[in-house]
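Engineer: Chains as they are written, first to last, in the numbering used here: chain A, 10 to 230; chain B, 168 to 390.
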């Protein structure tokens with residue numbers, strides 16, 4: 010018995026594929042836009058904050074980094090309504106992605122902050138700068154340059170990892186694939202096409218983020 | 168018929184965690200072996216071989232692990248009536264972790280100064296001998312912490328197998344959730360079990376890395 014590949018029925022549903030692709034991109038961008046500022050604040054807290062707060066952020070980071078994203082997603086989607094917070098599938102997906110991303114980004118940003126020599130901060134203080142201005146004029150620019158590559162690859166990991174949110178029926182790319190599969194029975198072809206789309210996305214974003222890096226940090230040589 | 172989430176249900180979760188452990192060990196063994204071969208090809212003197220491995224790693228790291236799992240699962244389904252979740256999961260996780268191991272270990276191998284390669288070559292050693300006698304014994308030490316660290320990713324990654332119907336910890340959690348409908352306690356317990364499996368490895372990896380950084384007198388090694 011010979012299997013005949015047929016991609017026709019899959020490509021016939023291209024509007025859904027396009028829509029799913031855009032939702033995948035949108036979910037990742039939204040989670041990053043919300044998560045990065047939170048991560049920056051938490052990283053500063055973890056590096057310079059009072060001890061109990063440092064410990065609190067550290068516990069959060071360890072808890073999230075040592076449990077699977079899928080379980081975090083289930084917890085947000087299934088358990089939060091019991092606590093009186095009802096979210097749509099997409100809302101729960103973004104919340105879980107933010108919670109997950111922040112834990113990884115805190116560690117990345119913290120490594121950047123701690124790579125700045127202490128002498129520079131002391132020099133800033135000797136010049137009479139307050140903590141906010143030290144952060145803004147001395148630390149932030151340098152730290153951003155150091156952490157940018159790691160954050161960029163974290164973004165791509167997150168884009169790929171977002172395929173899991175199909176498990177709670179958010180309508181992104183993988184969920185679209187599941188829908189098409191149920192109707193066309195072309196399981197292998199559907200996921201083949203989707204995989205190629207993901208590959209395209211991750212290569213495109215890697216190139217884009219690399220290009221931004223090249224332009225934004227040219228002054229550093 | 169709803170059940171309460173009691174000690175028996177918790178015990179069911181704990182016992183199904185053994186399949187998470189077994190699957191993780193399979194992925195670690197398979198992925199480690201394949202990854203080592205790929206890492207060695209990646210640093211070999213033969214350019215076409217190196218380029219082929221770069222392509223492999225790019226594709227594996229540029230696509231979601233879930234897609235790799237589905238493709239293996241439905242790919243086997245083209246030939247067999249009913250694809251086996253065990254075979255699919257073990258194969259898919261082997262393949263996807265091999266690419267990450269290859270990159271981690273390549274970084275460690277390349278952390279050994281070029282001068283050592285050159286002096287070994289000038290002593291008349293060939294590529295396999297250089298690896299075996301000079302580079303790998305030194306690289307091995309810095310390979311350990313990131314390898315243990317990546318095992319955490321493997322354990323967490325096995326939760327994806329629940330989506331092709333493999334009954335490990337994550338799937339057991341779903342099953343218990345549908346009969347007890349106490350998602351907070353069920354998934355809280357599931358998360359706790361994962362944490363107990365993963366955190367000691369994370370901790371060990373961080374400690375070893377810090378120790379190596381101290382003795383080398385520089386920043387933490389690559390990856």
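All residues carry an ideal CB built from backbone N, CA and C; glycine is no exception. Source: prediction; values computed, not measured.
1) So is residue 237 of chain A buried or exposed if we call it buried at 16+ other beta carbons inside 10 Å?
2) Would you check if there are 3 or more beta carbon pairs closer than 8 Å linking the region 324 to 336 of chain B to the region 23 to 43 of chain A?
3) Does the beta carbon of residue 208 of chain A sit closer than 7 Å to a beta carbon anywhere in chain B?
4) Whole angstroms is fine: what's the gap from residue 422 of chain B's alpha carbon to residue 160 of chain A's?
5) Near residue 19 of chain A, which residues of its chain fall below 7 Å by C-beta distance, leaving aside the five closest residues on each side in sequence?
6) Please state if the CB of residue 206 of chain B and the CB of residue 249 of chain B are separated by a distance shorter than 7 Å.
7) Output, in chain order, the set of chain A residues within a Cβ distance shorter than 8 Å of residue 230 of chain B.
8) Taking only beta-carbon positions, decide if residue 12 of chain A is within less than 7 Å of chain B.
9) Measuring alpha carbon to alpha carbon, tell me which residue in A:80, A:51, A:57 is nearest residue 68 of chain A.
10) Spatial neighbours of residue 135 of chain B within its chain, please: CB distance less than 8 Å, with the 5 preceding and 5 following residues excluded, ordered by chain position.
11) Going by CA-CA distance only, name the one from B:355, B:364, B:378 that's closest to residue 177 of chain B.
12) In whole angstroms, what separates the C-alpha of residue 97 of chain A from that of residue 173 of chain A?
13) Following the continuous alpha helix (DSSP H) through residue 163 of chain A, name the residue where it begins and the one where it ends.
14) Residue 120 of chain A to residue 246 of chain B, Cα distance in whole Å?
15) Quick one: using the 10 Å Cβ neighbour count with 16 as the cut-off for buried, is residue 289 of chain B buried or exposed?
16) Of the residues that make up the region 176 to 202 of chain A, which ones have a beta carbon closer than 7 Å to any beta carbon in chain B?
17) Any residues in the region 315 to 328 of chain B with a beta carbon nearer than 9 Å to a beta carbon of chain A? Which ones, in chain order?
18) Indicate whether residue 339 of chain B and residue 183 of chain B have their beta-carbon atoms separated by less than 7 Å.
19) Determine the direct distance from the alpha carbon of residue 115 of chain A to that of residue 49 of chain A, and round the result to whole angstroms.
20) Where does residue 382 of chain B land, buried or exposed, given buried means 16+ other C-beta within 10 angstroms?
21) Name the chain B residues whose beta carbon is nearer than 7 Å to that of residue 88 of chain A?
22) Under 8 Å between beta-carbons, which chain E residues line up against residue 238 of chain B? List them in chain order, please.
23) For residue 230 of chain B, name the three-state secondary structure that DSSP assigns.
24) Quick one: what's got a C-beta closer than 6 Å to residue 266 of chain B's C-beta in the same chain, skipping five residues either side?
25) Below 8 Å on the Cβ atoms is my guess for residue 319 of chain B versus residue 75 of chain A; work out the distance and round it to an integer in Å.
26) How do the region 192 to 210 of chain B and the region 136 to 149 of chain A stand: do at least 3 beta-carbon pairs fall below 8 Å, yes or no?
27) Taking 7 Å as the CB-CB limit, is residue 46 of chain A close to chain B?
28) DSSP on residue 293 of chain B, reduced to helix/strand/coil?
29) Within the region 82 to 147 of chain A, note down every full alpha helix (DSSP H) run reaching 4 residues or more, in order along the chain.
30) At the level of alpha carbons, what is the spacing between residue 342 of chain B and residue 186 of chain B?
31) Return the first residue and the last residue of the alpha helix (DSSP H) that residue 343 of chain B is part of.
32) Quick one: Cα of residue 317 of chain B to Cα of residue 268 of chain B, how far?
33) State buried or exposed for residue 175 of chain B, treating a residue as buried only when at least 16 other CB atoms are found within 10 Å of its CB.
34) So, at 7 Å on beta carbons, what are the nonlocal neighbours of residue 171 of chain A in its own chain, with the 5 sequence-adjacent residues on each side left out?
Structural biologist: The relevant details are as follows:
1) In the structure as shown, chain A begins at 10 and stops at 230. Residue 237 of chain A is therefore absent and cannot be evaluated.
2) no
3) yes
4) The requested residue 422 of chain B is not part of the displayed model; chain B covers only 168 to 390.
5) 189, 193, 195, 198, 199, 202
6) no
7) 169, 204, 207, 208, 211
8) yes
9) A:51
10) The structure shown has nothing for residue 135 of chain B, since chain B only spans 168 to 390.
11) B:355
12) 16 Å
13) 149 to 170
14) 49 Å
15) exposed
16) 176, 183, 196, 197, 200, 201
17) 319, 322, 323, 324, 325, 326, 327
18) yes
19) 7 Å
20) exposed
21) 350, 351, 354
22) Chain labels in this structure do not include chain E; the protein chains are A and B.
23) coil
24) 224, 227, 228
25) 7 Å
26) no
27) no
28) coil
29) 98 to 123, 127 to 135, 140 to 143
30) 15 Å
31) 336 to 347
32) 8 Å
33) exposed
34) 33, 36, 37, 106, 181
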